[in-house]
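Trainee: Under full-length UniProt numbering, think of the first position of the first sequence as 1, with each following residue one higher.
This structure is in structure tokens; I'll ask about it shortly.
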Amino acid sequence: MNVLNVAEKPMVARTVATILSRNQNMRMREGRSRYNKIFEFNYTIRGQPCHMIFTSVTGHLMELEFDDRYRKWHSCDPADLFRAPVHKFVPEDKKDIKRTLEEEARRCQWLILWLDCDVEGENIAYEVIDVCTAVNPHLTIKRAWFSTLIDRDIHNAAQNDLRDPDKRVADAVDVRQEIDLRIGASFTRFQTMLMKDAFIIDTATDDRNRVLSYGPCQFPTLGFVVERFWEIQAHEPEEFWSIICSHESKEGTAEFSWMRGRLFDYTCAVIIYEMCVEEPTATVTNIRQQEKPKYPPFPLNTIELQKRASRYFRMSSDHTMKVAEELYQAGFISYPRTETDSFSPGTDLHTIVQEQQGHPEWGIYAQRLMDPEAGLWRNPRGGGHDDKAHPPIYPTKFSTGESGWSQDHRKLYELVVRHFLACVSKPALGAETTVEINIAGELFSACGRVILEKNYLDVYRYESWGGSMIPTYTNGQQFNPTKLTLESGVTRPPPLLSEADLLSYMDREEAKIGTDATMQDHIKKMLDRSYATKDSSTRFTPTNLGEALVLGYDDIDMTYKLWKPDLRSEMEKKMDDVKKGDKSKAEVLVTILQKMEACFLEARLNKVKLLEAMAIFFERSSSDELHATGEVVRRCGLCQESDMLLRKNRDGNFMVGCMGYPQCRNAVWLPGSVSEAVVTTNTCNFCTPGPVYLIQFKFRRLEIPPNYSPNHLGCIGGCDEILAQLTEICGRGPRMPARPRGPTAPTSNAHHTNPRQGACMNCRETGHSSTDCPLRYGNVQHHGTSEHNGEASVSCSSCGTPCVLRTANTVNNRGRKFYSCQSQECNFFVWEDSLNAGTGGRSVTRSNSIPALNPRQTGGRGSRGRGGQYGSRTANTTFMSATGDPISGRRCYTCGDPSHFANVCPHRGV
DNA sequence: GCAAGGTC
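This is the structure:
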């Protein structure tokens, strides 16, 4: 019997053929493709003698493409690409592989597919099946199930694990391919054609080759980078104070930290500090001793490998995968593309350890692991992920380094081995001592740690666990601190995203971006497209281009935020339905494509938002400049130097823009439904500073709701309700002119201004700060407020009733206005000026005096004359000033928790 | 000139 065997890559064909033939009488001959050799040998499958013909493909054999008439960029409206016919075909460079398969399949009875055991492998299986059965419909088709290239596994697959291929899994991949193609091509063509020639984009890429690509993976990847960048820009440094206490004795030094952490109110900090200095004797109030384990990492999967290689060796994720792939193909490590981070119960972990016993560096450790007396062994913990296809990454062959290996090969192999050894080791053990002291009613604590057993840390040298000694104390002991100072610090923004952070975001369970095998490609694409840059410490900054694109889509109120991962994760879920057979391929395709087409039309309807976002960062190219002529509508209230003219740009959209452009970017964008607009000699009776000339508008009947008149004499000064409504309805969003800067207007506030571009943090327009932002009321509405007679009113976030505007009379905030709920229960509270800055209100726990620490421990404080005044301790202690007022309406940008800022967030970088 | 997924 002749059996055609096909592997996913040439190296796997060679390795599997070598294993099955036991390297005896294996012949190699050329196929049509120079890379994909053919191996022949005899082998017996369950007693049946077989002549094995073993060849390979190189990944996918086929591609998906639009039919010819849709291929050229200008051949159709990009929106047509959601319905244009597509077909699968074998591209030119794969034709010779196809011919080899056809020739060999003709003379075979069986076809065994040795493709990777993942969803893509299942899809490739059907590509091979299509080609082979076209020339030989009588083939018996089987899929060999294997996950490592080691003898035992391969023989077992051939003898006991030949399965039927699963069409449903292949279908799920077809769904993904088609959707990626359609949305990628449509959005890429749309945004490239819209913006490439409209702006002078000054990045390294040659302008002729520039493509402003959109992809459902590359764009959310960029989104993560931009989002962090915005958090950093929005960070307002706040000064805080902290009391530092240390005590030196013969035994050493103990650094005590103030249990209040940080106080943001200087007066309060000074008062407490002076109290301490006046009566500095410290009393030991509590000593806790406990043993603490430090656990070894979970077994290694792809993303963890990339993250650790980036962290420990600063290797980029795509390079890591290249090296890992080579180690895998040479048989030194198991398949490096795996989501699994726990070993299945049957795995022979001992044998893997035994293999490493002879290594000069970690061999002794491996021996200790195997020694029952040493008690170092512990069965590995599982991380809870299992792709049911591959085990975690572990060493499959012993090596002390091969001659062809680079430093990176050595480092990565060593990481895989040490990581594996760490996983089967006992956790490290430390003894921690915490000492609490009381100085004048203030509590401080110090912590010391002694490492009792290093265990896995002995072999996993990438991780450390510091020990620190502190002197011995006894309960009730009294001493005078050696140092007692009041020190100030400033809150810091979170750092730029590192490559490890980015991989973590892409790998989140609920919103996975790409596959483990392609995450590094999306990062690379983001860099190649000049959407972001990476610095020497592997941290990413968006470029102007990257930020502008994300900003543009962010400004459009779409069903999906295209730069967020939600769209991708929804598609993954739909794919699962197809995989499980719950839904058909056609059914799922129709649903998703309808949604995506609607989404595309929304974006196109609001293209002006994309253009506006680009205009913040880039000059318009001359070919796209707005028509220079126009009629004067009013004096520009922003620069107070030039007139504002009614203009029509080359897209046919009307706007009123300042003649001072580009120095002054004040502009009012008019609804897209305007077909004609003429400035009249009538002036507005309400808008100031006048005169503001009224405009006679004509709207396209079909583009406005029936209850609006197509003819309208309107004002762009801000008083015109109808114009505002139509602007909203037609998707342009209200763009009211900036408030004029009167003599009393505040000067530009650095905290509210984009330092790079001088753009407003609220609307991102240049030329004004967020305190003067014309959109400030628009923003307020998002946070449960409404606008009446030009004044914002705020509703309680809990009960919904209108809040009362009050004026603070505290030391810190005297005169500052705030909204609060009239109901005693609600505690809703928000500063008026934080609304203007775009931050919402929140409920806070209020107390009228210094928030005390744990009431259990405040007994000694009564004598200072403040007893009984203290509210209970809350999680947001450090956010309260001495007067009991919240420091601001802000919360952690990373996790949203109001009890801390992002710079100390426990979830950051996880 | 588009995507993401394989792989050389």
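For each residue, glycine too, the CB sits at the ideal point set by N, CA and C.
Looking only at C-alpha atoms, which of S257, I129, P78 sits nearest to K167?
Mentor: The shortest Cα separation from K167 among S257, I129, P78 belongs to I129.
Trainee: In whole angstroms, what is the alpha-carbon distance linking G261 and L443?
Mentor: When rounded, the distance between both Cα atoms is 10 Å.
Trainee: Classify Y462 as helix, strand or coil using the three-state DSSP reduction.
Mentor: Y462: coil per DSSP, three-state reduction.
Trainee: Whole angstroms are fine: how far does the CA of V450 sit from the CA of V424?
Mentor: If you take the alpha carbons of V424 and V450, they lie about 23 Å apart.
Trainee: Looking at C-beta atoms only, is the number of pairs between the segment 453-466 and the segment 492-499 that lie closer than 8 Å three or more?
Mentor: The segment 453-466 is not in contact with the segment 492-499.
Trainee: Below 8 Å between beta carbons: does that hold for Y295 and Y462?
Mentor: Taking 8 Å as the Cβ cut-off, Y295 and Y462 do not qualify as a contacting pair.
Trainee: Can you grab the Cα-Cα spacing for the pair M259 / G441, in whole Å?
Mentor: Going from the Cα of M259 to the Cα of G441 covers about 11 Å.
Trainee: If you draw a straight line from the alpha carbon of A759 to that of D557, how long is it in whole angstroms?
Mentor: With a pLDDT of 41 at A759, under the threshold of 50, the modelled position of that residue is not reliable, and no figure is offered here.
Trainee: What first and last residue would you give for the beta strand (DSSP E) that runs through K397?
Mentor: Counting along the chain, K397 falls outside any beta strand (DSSP E), and DSSP gives it neither H nor E.
Trainee: With DSSP as the reference, label N544 as helix, strand or coil.
Mentor: Three-state DSSP puts N544 in a helix.
Trainee: Please determine, among L593, V590, Y35, A446, the residue with the shortest C-alpha to C-alpha distance to G252.
Mentor: The residue with the shortest Cα to Cα distance from G252 is A446.
Trainee: For the beta strand (DSSP E) containing F66, name the first residue and the last one.
Mentor: From DSSP, the beta strand (DSSP E) with F66 extends over 63-66.
Trainee: Straight-line CA distance for Q725 to Y708?
Mentor: The alpha-carbon atoms of Q725 and Y708 are separated by roughly 10 Å.
Trainee: Does the count of Cβ pairs from the segment 385-399 and the segment 300-310 closer than 8 Å reach three?
Mentor: With the cut-off at 8 Å, the segment 385-399 and the segment 300-310 touch.
Trainee: State the CB to CB distance for the pair I243 and L486, rounded to an integer number of angstroms; the pair is presumed to be in contact (CB under 8 Å).
Mentor: Correct: roughly 6 Å between the Cβ atoms.
Trainee: For P755, count the other beta carbons within 10 Å of its own beta carbon; 16 or more makes it buried, fewer makes it exposed. Which is it?
Mentor: Below a pLDDT of 50, predicted positions are generally treated as unreliable, and P755, at 30, falls in that range; no measurement from the model is reported.
Trainee: Go through its chain and collect everything with a Cβ distance to H751's Cβ below 6 Å, but skip five positions before and after it.
Mentor: Residue placement at H751 cannot be trusted, given a pLDDT of 28 that sits under 50; what the coordinates show is reported in the next sentence. So the qualifying residues of the chain are E236.
Trainee: Would you mind sorting V701 into buried or exposed? The rule is 16 or more other CB atoms within 10 Å of its CB.
Mentor: Reading off the sequence shown, one finds Arg at residue 701, where the question assumed Val. So R701 counts as exposed.
Trainee: Report the partner residues of C245 according to the DSSP bridge assignment.
Mentor: Per DSSP, F256, L484.
Trainee: When you compare each of P542, V550, M596 to Y560 by their alpha carbons, which one comes out closest?
Mentor: Nearest C-alpha to Y560: M596.
Trainee: Beta-carbon separation of W114 and M1 under 8 Å?
Mentor: Result no, Cβ atoms of W114 and M1 do not sit closer than 8 Å.
Trainee: Give the secondary structure of G448 by DSSP, where H, G and I count as helix, E and B as strand, and everything else as coil.
Mentor: Strand at G448.
Trainee: Express the C-alpha separation of T283 and N438 in angstroms, rounding to a whole number.
Mentor: The straight-line gap from Cα to Cα measures roughly 5 Å.
Trainee: Could you say if the segment 186-206 and the segment 130-140 meet the contact criterion of at least three C-beta pairs nearer than 8 Å?
Mentor: Too few Cβ pairs lie closer than 8 Å, so no.
Trainee: Tell me the residue span of the alpha helix (DSSP H) that contains R143.
Mentor: Unbroken run through R143 is the beta strand (DSSP E), 140-144; no alpha helix (DSSP H).
Trainee: With a Cβ-Cβ cutoff of 8 Å, do T543 and Y553 count as a contact?
Mentor: No.
Trainee: Determine the closest residue to I200 out of L646, I616, H419, with distance taken between C-alpha atoms.
Mentor: Taking only the C-alpha atoms, the option nearest I200 is I616.
Trainee: So, for G184: in the same chain, excluding its five sequence neighbours on each side, which residues have a beta-carbon less than 6 Å away from its beta-carbon?
Mentor: These residues qualify, in order along the chain: G215.
Trainee: Tell me which same chain residues have a C-beta within less than 8 Å of the C-beta of Y331, skipping the five on either side of it?
Mentor: Checking the sequence, you will find Gly at residue 331 rather than Tyr. For G331, where only same-chain residues beyond five positions count, the Cβ hits under 8 Å are T15, L149, I150, T396, K397.
Trainee: Under the assumption that F540 contacts V225 (Cβ atoms under 8 Å), give the Cβ distance between them as a whole number of angstroms.
Mentor: Yes, F540 and V225 are in contact; Cβ-Cβ is about 5 Å, under 8 Å.
Trainee: Taking the CB atoms as reference points, tell me whether R568 and P220 lie closer together than 8 Å.
Mentor: In this structure, P220 lies closer than 8 Å to R568 by Cβ.
Trainee: Are the CB atoms of D521 and D318 within a distance shorter than 8 Å?
Mentor: Taking 8 Å as the Cβ cut-off, D318 and D521 qualify as a contacting pair.
Trainee: How would you call G489, buried or exposed, if buried means at least 16 neighbouring beta carbons within 10 angstroms?
Mentor: Exposed is the call here.
Trainee: Distance, Cα to Cα, R176 vs K88?
Mentor: If you take the alpha carbons of R176 and K88, they lie about 14 Å apart.
Trainee: What's the C-alpha gap between E703 and T727?
Mentor: Cα to Cα, the separation comes out at about 11 Å.
Trainee: May I ask you to report which of helix, strand or coil DSSP gives W377?
Mentor: Reduced to three states, the DSSP call for W377 is strand.
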